[in-house]
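The structure appears right after this line, and notes come after that.
Numbering (our numbering), first residue to last: 52 to 184.
Pasting the structure below:
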């Protein structure tokens, strides 16, 4: 069985760059969708937005096997959230400034940190795996 992220380390450099850019775009889309959903369907939308955020970050970690796999979607997510939270000169903004928005911002950042600091789990059949013993 291959290591998680072996497709990125064995791929030529343009393939790895494209993979990480794809994860950044995924993070941007998840951040945009989460910003809209958490406001529209509070409190269920907030939970759904945070679960989607965690899925993107953890999925990047599992797909690449590296911390950069978490950083790429987290960077896209934070760009989307910051762009949508910045108000226009007319005073219009997507975020209303309530508790839900603060929980979404801080919760998403906390999920990114948690996923980036997770240890790699042993693979079945590999060294330390259950099937190999």
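Note that the Cβ used here is the ideal one computed from N, Cα and C, for glycine as well.
Length of the line joining the Cα atoms of residue i and residue j
i           : j           : result
residue 118 : residue 124 : 11 Å
residue 165 : residue 84  : 21 Å
residue 183 : residue 106 : With a pLDDT of 46 at residue 183, under the threshold of 50, the modelled position of that residue is not reliable, and the figure given next carries that caveat. Computed Cα separation, rounded: 29 Å.
residue 95  : residue 127 : 23 Å
residue 121 : residue 65  : 19 Å
residue 67  : residue 74  : 11 Å
residue 93  : residue 169 : 29 Å
Cβ neighbours of residue i in the same chain (closer than 7 Å, five flanking residues each side left out)
i           : result
residue 158 : 101
residue 109 : 166
residue 154 : 97
residue 78  : 107, 123, 124, 125, 126, 127, 128
Where residue i falls: helix, strand or coil (DSSP)
i           : result
residue 116 : coil
residue 149 : coil
residue 155 : helix
residue 168 : coil
residue 124 : helix
residue 183 : Residue placement at residue 183 is poorly supported in this model, since its pLDDT is 46, which falls under 50; the coordinates still yield a value, given next. It is coil, neither helix nor strand.
Unbroken alpha helix (DSSP H) run spanning residue i, endpoints
i           : result
residue 137 : Segment: none, residue 137 is in no alpha helix (DSSP H) and carries neither H nor E.
residue 65  : 64-91
Contacts around residue i, its chain only, beta-carbon distance under 6 Å, and the 5 residues preceding and following it disregarded
i           : result
residue 71  : 123
residue 103 : 81, 85
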